[in-house]
Amino acid sequence: MEILAIGTILAYLLSTVSYFIFLFQQKKVLNRIGFTLLLTGFILQSIFVGYKYALEGHFPVYDLQGTLLVAGWAVAGVFFLLQYKFNLKILGLFAALLAAIIMIIAAQVPSQPLPSRNLFNNFWLISHVIAVLIGNASFTLAGGAGLLYLLQERAIKSKRPGFFFKRLPSLERIDATGYACIIIGFSMLTLGLIMGFIYAKNVWGRFWGWDPKEIWSGITWLLYAALLHGRISLGWRGRKAAIMSIIGFAVLLFTFFGVNFLLQGHHGQFTRF
Amino acid sequence: MGNIFLLGLNHRTAPVELRECIAFNPQDTEKTLELLKKEPSINESLLYSTCNRVEVLFVAEDKQAAVAKVKDCLSAINDLPLDRFEQALYLYENNDAVRHLFRVAASLDSMIVGEPQILGQIKNAYRTATTRHTSGVILNRLLHRAFFVAKRVRSETGIGDNAVSISYAAIELGRKIFDTLENKKVLLIGAGEMAEIAVEHLIRNRVGNIYVANRTFERGAALAKKFNGQAIRLEELVAFVQQVDIIISSTGAPDFVIRRDQVKELMRGRRNRPVFFIDIAVPRDIDPDINRLPNCYVYDIDDLKNVIEDNIEDRQQEAIKGERIVDEAVIRFQEWLASLDVVPTIVSLRNKLDTIAQGELKKTLGSLNLAEDERAAIIRMTNALVKKILHDPTLLLKRDGCRGNRSVHLDLVRKLFKLDE
Numbered sequence: 001m002e003i004l005a006i007g008t009i010l011a012y013l014l015s016t017v018s019y020f021i022f023l024f025q026q027k028k029v030l031n032r033i034g035f036t037l038l039l040t041g042f043i044l045q046s047i048f049v050g051y052k053y054a055l056e057g058h059f060p061v062y063d064l065q066g067t068l069l070v071a072g073w074a075v076a077g078v079f080f081l082l083q084y085k086f087n088l089k090i091l092g093l094f095a096a097l098l099a100a101i102i103m104i105i106a107a108q109v110p111s112q113p114l115p116s117r118n119l120f121n122n123f124w125l126i127s128h129v130i131a132v133l134i135g136n137a138s139f140t141l142a143g144g145a146g147l148l149y150l151l152q153e154r155a156i157k158s159k160r161p162g163f164f165f166k167r168l169p170s171l172e173r174i175d176a177t178g179y180a181c182i183i184i185g186f187s188m189l190t191l192g193l194i195m196g197f198i199y200a201k202n203v204w205g206r207f208w209g210w211d212p213k214e215i216w217s218g219i220t221w222l223l224y225a226a227l228l229h230g231r232i233s234l235g236w237r238g239r240k241a242a243i244m245s246i247i248g249f250a251v252l253l254f255t256f257f258g259v260n261f262l263l264q265g266h267h268g269q270f271t272r273f
Numbered sequence: 001m002g003n004i005f006l007l008g009l010n011h012r013t014a015p016v017e018l019r020e021c022i023a024f025n026p027q028d029t030e031k032t033l034e035l036l037k038k039e040p041s042i043n044e045s046l047l048y049s050t051c052n053r054v055e056v057l058f059v060a061e062d063k064q065a066a067v068a069k070v071k072d073c074l075s076a077i078n079d080l081p082l083d084r085f086e087q088a089l090y091l092y093e094n095n096d097a098v099r100h101l102f103r104v105a106a107s108l109d110s111m112i113v114g115e116p117q118i119l120g121q122i123k124n125a126y127r128t129a130t131t132r133h134t135s136g137v138i139l140n141r142l143l144h145r146a147f148f149v150a151k152r153v154r155s156e157t158g159i160g161d162n163a164v165s166i167s168y169a170a171i172e173l174g175r176k177i178f179d180t181l182e183n184k185k186v187l188l189i190g191a192g193e194m195a196e197i198a199v200e201h202l203i204r205n206r207v208g209n210i211y212v213a214n215r216t217f218e219r220g221a222a223l224a225k226k227f228n229g230q231a232i233r234l235e236e237l238v239a240f241v242q243q244v245d246i247i248i249s250s251t252g253a254p255d256f257v258i259r260r261d262q263v264k265e266l267m268r269g270r271r272n273r274p275v276f277f278i279d280i281a282v283p284r285d286i287d288p289d290i291n292r293l294p295n296c297y298v299y300d301i302d303d304l305k306n307v308i309e310d311n312i313e314d315r316q317q318e319a320i321k322g323e324r325i326v327d328e329a330v331i332r333f334q335e336w337l338a339s340l341d342v343v344p345t346i347v348s349l350r351n352k353l354d355t356i357a358q359g360e361l362k363k364t365l366g367s368l369n370l371a372e373d374e375r376a377a378i379i380r381m382t383n384a385l386v387k388k389i390l391h392d393p394t395l396l397l398k399r400d401g402c403r404g405n406r407s408v409h410l411d412l413v414r415k416l417f418k419l420d421e
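The listed protein sequences correspond, in order, to chains Z and F. Counting in the working numbering, the first sequence runs from 1 upward without gaps. Counting in the working numbering, the second sequence runs from 1 upward without gaps.
Shown next, in the form of structure tokens:
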């Protein structure tokens, strides 16, 4: 188990280093190494998650370590999907760095395997958590794409194309990737919330309980809904969409971590230690 | 054996008026090569001529005679007295000639460092020389090394990375905005020459519809026809800005042709799809404030020039790396050339035979039980055999048996006995 964790962290860290050097030197082989390492990390992490599943008898999303584990796994997974469709290579730097950081934190926090309860093997609950985490991962990468967009736009508008101009892809491609991230993220978040409602109805007999986590998730959902609406009906694209995705990411971070630490609620036990 | 010489002139030593007079078309080149072939002091020759340089590369035994002959040829073919251009000529010898050729092929010596055409031009010149049989062992090897060096410099340094002409810079910017220029609509305002060049580049990148707006409709229509586009009237201009993606403006209008407020209104109708203005007019046609609008990008002629200057600086930085690659290659070539000399070839040939003979002797004597004098006799016989076998080849290589073209024989011997291991 330790070896798996260390291997995963190592693969992600080396992938980050490789992508970082790629940013400077722009050698294709570095991109390929980074990608392969990221894939290696992803596979190791999948084994890790599976192993933990077998060990604990339920999908490992009931303590902070498990949640982080799946969150990092989702980041890498969503990146592969995007890479396949848009080939936005340098986004790998974000994905690898993020996956590495999440894994390192996951390795630091103590694992508190809860006794297996039937409650946890509920289909709705597990689907809810996985869908929400994939959604979060997509939104995170959308934030990364937003940052890349702002850098590249600045380079072009300033009329002094320099470091980033040469190294970052075109505005259109970054924008399209960010948009795809938002669409995936929004779909998954919506799906995740619906499953959460169904689960809540089953267990507590109500869909919505004004729990802080629920409220903030609702706010996040509304924010991304507004972003998508603006894009589709008003043509908010480019800079505006990029800034919105970055703001969205900040709100998301608060919903994921902040709420648990600062406010009380029934999600607390899963993401606190 | 012969030395390598390079005689020529380029944009640094000769003004354009002079270079115009000493330009070689393919027929002239072939004629010159035929003339040089007849000259006994010249073993191999090759000539390339571009708008920035004319250079003759040749291998010769007798420097003075050969150089005089090449100068004569340059003068005769171009019908220009030697004293008019002799001042501009430079002559490089051996290592310096090799280095110069490598630098030229790698585009380190070009007026615009990193421009890619020169390599193709030298390849053509080499093809001509091979079909005319004026290149031999040395030039063949040298040219292949030059192509290899050029390829290495291009792939290992960023020497050819960034655009260094106005229209290329504009295309590069367009690609960084739109990702691909395919099917992007282009509006041309004014029908200047510079705009035409830019449009030709765009067409090569497979842009979509092209619209031309001009003060005199007929001139615009003529240009539109040339590009398979559509002419529009100046009054319709603003409405078209809403449709197109790239706008190239080059009118002589004293005031802005497109203003910020107009574009701002249009962006909603475009649903904020990006639009790229290229303003190559002086005074400017496009309100520079448009650049401040979201998803609008304006580059005027000065902006483009700045981009190019930065890129040229970058190329110069990269050229330093290129020089290092060239230096390495010169040393490697020098080593090969030295091995082609008579003495080292004879020495290694003798060594090779000696090694074989000693090896066989050891094997044979080891298995036989012979008396001391019998052993000595066999050793003597073996050594004599080696000496006798080597006698004639050595004589041929040393004497003028190969009549000036010794390098061919040396090369053959080295290959025959696999001496380059």
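Just so you know, even glycine gets a beta-carbon here, dropped at the ideal spot from N, CA and C.
message = Which residues of the stretch 159 to 171 of chain F have a Cβ closer than 8 Å to any Cβ of chain Z? Give them in chain order.
response = ASP161 and ASN162
message = For ASP62(F) and ILE42(F), I'd like the C-alpha separation in whole angstroms.
response = 8 Å
inquiry  = Can you tell me where the beta strand (DSSP E) holding ILE189(F) begins and where it ends?
reply    = 186 to 189
key: Bounding residues of the beta strand (DSSP E) (the contiguous stretch that carries CYS181(Z))   = CYS181(Z) -> not in any beta strand (DSSP E); alpha helix (DSSP H) instead, spanning 171 to 204.
ask   = With 8 Å set as the bound, which would you pick, yes or no: does the beta-carbon of GLY277(Z) sit closer than that to a beta-carbon of chain F?
value = The structure shown does not extend to residue 277(Z), since chain Z is modelled only from 1 through 273, so no value can be given for it.
query = In chain F, which residues lie with their C-beta within 7 Å of the C-beta of SER170(Z)?
reply = ARG175, LYS176, ILE177, PHE178 and ASP179
For HIS100(F) and GLY160(F), the rounded distance between their alpha carbons = 19 Å
request  = Give me the Cα-Cα distance between ASP327(F) and ILE122(F), rounded to the nearest whole angstrom.
outcome  = 20 Å
inquiry  = Am I right that VAL298(F) and ASP285(F) are in contact with their C-beta atoms under 8 Å? What's the rounded C-beta distance?
reply    = The Cβ separation is near 10 Å, so there is no contact.
ask   = Excluding sequence positions up to five away, which residues of its chain have a Cβ less than 6 Å from the Cβ of VAL129(Z)?
value = VAL61
query = Would ASN140(F) count as contacting chain Z if we go by Cβ distances under 8 Å?
reply = no
query = Does TYR297(F) come within less than 8 Å of chain Z when only Cβ atoms are used?
reply = yes
request  = Please classify VAL275(F): is it buried, with 16 or more other beta-carbons within 10 angstroms of its beta-carbon, or exposed?
outcome  = buried
request  = Using a Cβ-Cβ cut-off of less than 8 Å, give me the residues of the stretch 10 to 38 of chain Z that come near chain F, in sequence order.
outcome  = none
request  = Go through the stretch 152 to 222 of chain F residue by residue and report every complete run of the beta strand (DSSP E) that reaches 3 residues or more, in order.
outcome  = 186 to 189 and 210 to 213
Proximity to LYS213(Z) [Cα-Cα], best of GLY258(Z), LEU141(Z), PRO169(Z) and ILE246(Z) = GLY258(Z)
query = So GLN230(F) is in the beta strand (DSSP E); what residue range does that whole segment cover?
reply = 230 to 232
task = List the residues of chain Z whose Cβ lies closer than 9 Å to the Cβ of VAL244(F), in chain order.
result = Here the premise fails: no neighbours, minimum Cβ distance about 16 Å.
key: Coarse secondary structure for SER407(F), derived from DSSP in three states   = helix
query = Does DSSP classify LEU57(F) as helix, strand or coil?
reply = strand
query = Going along the chain, which residues of its own chain have a beta-carbon closer than 8 Å to the beta-carbon of LYS166(Z), five neighbours each way excluded?
reply = GLN26
query = Taking just the CA atoms, how far does LEU143(F) sit from ILE300(Z)?
reply = Any property of residue 300(Z) remains undetermined from this structure, which presents chain Z solely from 1 to 273.
Residue range of the beta strand (DSSP E) that includes ILE246(F) = 246 to 249
ask   = Does the beta carbon of ILE212(Z) come closer than 8 Å to any beta carbon on chain F?
value = The identity of residue 212(Z) in the sequence shown is Pro, whereas the question assumes Ile. Judged by the 8 Å Cβ criterion, PRO212(Z) is not in contact with chain F.
key: Terminal residues of the beta strand (DSSP E) in which GLU93(F) lies   = 90 to 93
query = Does the Cβ-Cβ distance between VAL113(F) and PRO161(Z) come in under 8 Å?
reply = no
message = I want to verify the contact list: residues of chain F whose CB lies under 8 Å from the CB of ILE156(Z), in sequence order.
response = LEU173, LYS176, ILE177 and TYR297
inquiry  = Quick test of your reading: TYR434(F) and PHE178(F), contact by CB under 8 Å. State the CB separation rounded to the nearest angstrom.
reply    = One cannot answer for residue 434(F) here, as it falls past the ends of chain F, which runs 1 to 421.
Chain Z contact residues for ARG476(F), given Cβ-Cβ distances below 7 Å = Residue 476(F) falls outside the range modelled here, since chain F spans only 1 to 421, and no answer is possible.
key: Residues that ASP354(F) bridges to, as DSSP identifies them   = DSSP output for ASP354(F) lists no bridge partner at all.
Contacting residues, own chain, Cβ-Cβ under 7 Å from LYS418(F) (five flanking each side not counted) = none
Beta-carbon proximity check, TYR53(Z) vs LEU4(Z), cutoff 8 Å = no
Among ALA180(Z), GLY235(Z), LEU227(Z) and GLY92(Z), the one whose alpha carbon lies nearest that of THR16(Z) = GLY92(Z)
task = Just mark SER233(Z) as buried or exposed, buried being the case when its beta carbon has 16 or more other beta carbons within 10 Å.
result = exposed
Residue from ILE90(Z), ALA176(Z) and GLY135(Z) with nearest C-alpha to GLY248(Z) = GLY135(Z)
request  = Report the rounded CA-to-CA distance for ILE312(F) versus VAL153(F), giving the unit in angstroms.
outcome  = 16 Å
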